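In the numbering used here, the protein residues as written are 1 to 71.
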């Protein structure tokens, strides 16, 4: 399982997918999220703008990564 890290208070789900390199654009992120192909902590989430604050595990196409907030 890979990790991505961000600064600030949160990162949106679509941005996290792009940062992890699992999608090539925001449009692609929007499509795969709305199609129900993305999980957050094991549950499907169709909200592209979902705010991730750190500690969540994201799954897409058999790959998973953990979101970590930088101190």
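Yeah, the Cβ is synthetic: ideal placement off N, Cα and C, and Gly gets one too. Keep in mind that this is a model prediction, so the values were computed, not measured.
Practice problem: Assuming residue 55 contacts residue 30 (C-beta within less than 8 Å), just tell me the rounded distance between them. | Solution: The beta-carbon separation of residue 55 and residue 30, rounded to 24 Å, does not stay under the 8 Å limit for a contact.
Quiz item: Which residues share a DSSP beta bridge with residue 5?
Solution: Beta-bridge pairing by DSSP links residue 5 to 68.
Practice problem: Out of 27, 12, 59, state which residue places its alpha-carbon closest to the alpha-carbon of residue 42. | Solution: Measuring from the Cα of residue 42, the nearest candidate turns out to be 59.
Exercise. Please classify residue 43: does DSSP put it in a helix, a strand, or coil?
Key: Reduced to three states, the DSSP call for residue 43 is strand.
Quiz item: Tell me, which residues are paired with residue 59 by DSSP?
Solution: Assignment of beta-bridge partners to residue 59 by DSSP yields 39, 64.
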